[in-house]
Amino acid sequence: MDRKILLVLEHNGKDITASSLRLCANLGKLTGRAGGEVAAVLFSLCAETSLEQLSGCGIGKVFLVPGPEERYYSAGQRAAVLLELAAAWRPTLIMLPGGLQGRETAPLLASELDAGLLSECVQVKLDGERTEAVVNVYNGQYQMVCEMTGSPNVLVMADVNCGPAKPGLPAEIEAVELAVGGGVEPALTLLETFAVPAAEMNIGEADIVVGAGRGVKSRHGLSLVAELAGAAGAPLGGTRPAVDAGWIPPDRQIGQTGRSINPVLYLAVGVSGAQQHISGVAGGKIAAINNDPGAPVFRVADLGAVGDFEKIVPLLTEKLRSLGRDKREPTDI
């Protein structure tokens, strides 16, 4: 079967987003694919350096949708362009990263194409005309195996960390600028930009992330960690136990059954360091605060502090504020 995979990638106006790059880099691991043609589409005339980031991922072609960076397409307009492209290129599988754009666009695509649609996919197996997907359900507490027949199918991938991607050989990527039928006008015009409050930041895109674990013990302890996150200008995430206790929203769970993050610094407070959690931290430095010197987190931490977090965290918060880091309101919990 002549299989074609179309990746609909997200662009933040400057670079291809980290979640999109993770999807590309680990495409082979996610799909276990054998042969076929892979292309990507970007709603931006991005710089050549951005396209170079896709080299070695098995992508042979990138479709670029023209449009000034300060203007954006609505979900309906993105879907209209993708439907034109699907009619011309005829992909058998359309994959989108699990960001806002992907979640908005995928249902419109599936409806118009009369295609199968699955979200929160963590693994895909392609076998002839069959597509078998492993899907996270009930906030990642269970996984469900779904079989899709026919073509095309639309998958919204979960932002999972598959470990380091095996480096591929640099490849020449063909960039094709799409001639959008009828000259689709972007629906939105950028009027101003402003800093996003730490509580609203995407933990998958943040440079600094603060994580709370079971060791924070209570709502009071969590409020101290939230103050630290606010002083660092960082979003607050957490471990599975912190989510199950109702301290952290499910969409901010870090780990194998939650979100993958790739910050410059991950500050873990009261986190034991279980592999299921640490596997969700793709890169950067890890600083840990825990009162147990034998906690597994210290095996992977670049910097560790052993002691009572209720004494250490307020001192660190005060120090950050004295350095002028407190530019945002305390993180909401």
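Residue numbers (the numbering used here): 43 to 375.
Note that CB positions come from ideal geometry on N, CA and C, so glycine has one too.
Since this is a predicted model, take the numbers as computed values, not measurements.
Item to check | Three-state secondary structure (DSSP) of Gly346 | outcome: Correct three-state label for Gly346: strand.
Checklist entry - Considering only residues of the stretch 271-333, which uninterrupted beta strand (DSSP E) runs meet the minimum length of 3 residues and lie entirely inside it, listed in chain order? => result As far as the stretch 271-333 is concerned, its whole beta strand (DSSP E) runs of at least 3 residues are 278-280, 307-311 and 327-332.
Item to check | Check whether Ala254 and Val238 have beta carbons under 7 Å apart | outcome: With a cutoff of 7 Å on beta-carbon distance, Ala254 and Val238 are scored as not near each other.
Item to check | Residues near Pro133 in its chain [Cβ-Cβ closer than 7 Å; skip 5 each side] | outcome: Result list for Pro133: Lys46, Ile47, Leu48 and Pro194, in chain order.
Item to check | Simplified DSSP assignment, three categories, for Ser39 | outcome: Past the boundaries of the shown model lies residue 39; the chain is included only from 43 to 375, so the question cannot be answered.
Checklist entry - Smallest Cα separation from Val405: which of Trp289, Asp249, Gly275 and Ser314? => result Because the chain is modelled from 43 through 375, residue 405 falls outside the range shown and cannot be assessed.
Checklist entry - For the putative contact between His319 and Gly336, defined by C-beta atoms under 8 Å, what is the C-beta separation to the nearest angstrom? => result No, His319 and Gly336 are not in contact; Cβ-Cβ is about 17 Å, not under 8 Å.
Next on the checklist: Taking 8 Å as the limit between beta carbons, can you name the residues of its chain near Thr147, skipping five residues before and five after?
Outcome noted: Val50, Ala117, Arg120, Ala121, Leu124 and Leu138, listed in sequence order.
Next on the checklist: So for Leu49, helix, strand or coil by DSSP?
Outcome noted: Strand, per DSSP.
Item to check | Which residues DSSP lists as bridging Gly253, in chain order | outcome: In the DSSP output, where bridge partners are listed per residue, Gly253 has Gly279 and Ala310.
Next on the checklist: I need the DSSP call for Gln95, collapsed to helix, strand or coil.
Outcome noted: Correct three-state label for Gln95: coil.
Next on the checklist: Just to confirm before moving on: does the CB-CB distance between Leu357 and Met199 stay below 7 Å?
Outcome noted: At least 7 Å separates the beta-carbon of Leu357 from that of Met199.
Checklist entry - Hey, out of Val252, Ser260 and Phe351, whose CA is closest to Ile303's CA? => result It is Val252 whose Cα lies nearest to the Cα of Ile303.
Checklist entry - If you compare alpha carbons, which of Gly312, Pro338 and Asp344 is closest to Asp350? => result Considering only Gly312, Pro338 and Asp344, the residue with the shortest C-alpha distance to Asp350 is Gly312.
Item to check | Whole-angstrom distance between Glu189 and Ile290, CA atom to CA atom | outcome: If you take the alpha carbons of Ile290 and Glu189, they lie about 33 Å apart.
Checklist entry - Which of helix, strand or coil does DSSP assign to Leu266? => result In the structure shown, Leu266 sits in a helix (DSSP, three-state: H, G or I).
Next on the checklist: Taking the beta carbon of Glu371 as the centre, do at least 16 other beta carbons fall within 10 Å, making it buried, or is it exposed?
Outcome noted: Caution applies to Glu371, whose pLDDT of 49 falls short of 50 and renders its modelled position unreliable; the model cannot decide the point.
Checklist entry - In whole angstroms, what is the alpha-carbon distance linking Ile331 and Glu360? => result Spanning the two alpha carbons is a distance of roughly 16 Å.
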